[in-house]
Amino acid sequence: MSGPKAFCPKCKREVNCLVEQESLCCPVCRYKFEQSDPGAKPEIRTEKFDLLEAFLKCLRAIFIAALVIAGIFLVLLAFLFAACSHM
Ligand SMILES: [Zn+2]
């Protein structure tokens, strides 16, 4: 029952860790720490997501701008309509 080898920050040495849910537990000092094995967690590239997020932010900005312009236009239209109907 040997767990994955990891470096215990408390013992300052490699130990056969006990896996406990998301974290590792040192069998010597019972210190719990995050799995720091670079091979265990593949690096997730977030470039695509960042691009999508930027695009969505841009889209939202355009949408808000359009909404503001539409609001101003409606107010102007209402003023014009009121002015015309009073004449
Ligand atoms: Zn330890």
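In the numbering used here, the protein residues as written are 1 to 87. Beta carbons are placed, not taken as given, at the ideal position from N, Cα and C, and that holds for glycine. Since this is a predicted model, take the numbers as computed values, not measurements.
Neighbour-count burial assignment, alanine 6, 16 or more Cβ in a 10 Å radius = Result: buried.
What residue from Gly3, Glu34 and Val19 has the CA that sits closest to proline 9's CA?
-> It is Glu34.
Using 10 angstroms around the beta-carbon of cysteine 84, count the other beta-carbons present and answer buried if the total reaches 16, otherwise exposed.
-> So cysteine 84 counts as exposed.
Is lysine 10 near ligand 1, going by C-beta to nearest heavy atom under 8 angstroms?
-> Remark: the C-beta of lysine 10 is in contact range of ligand 1, defined as less than 8 angstroms to any heavy atom.
Straight-line Cα distance separating arginine 60 from glutamate 53 = Their backbone Cα atoms lie some 10 angstroms apart in a straight line.
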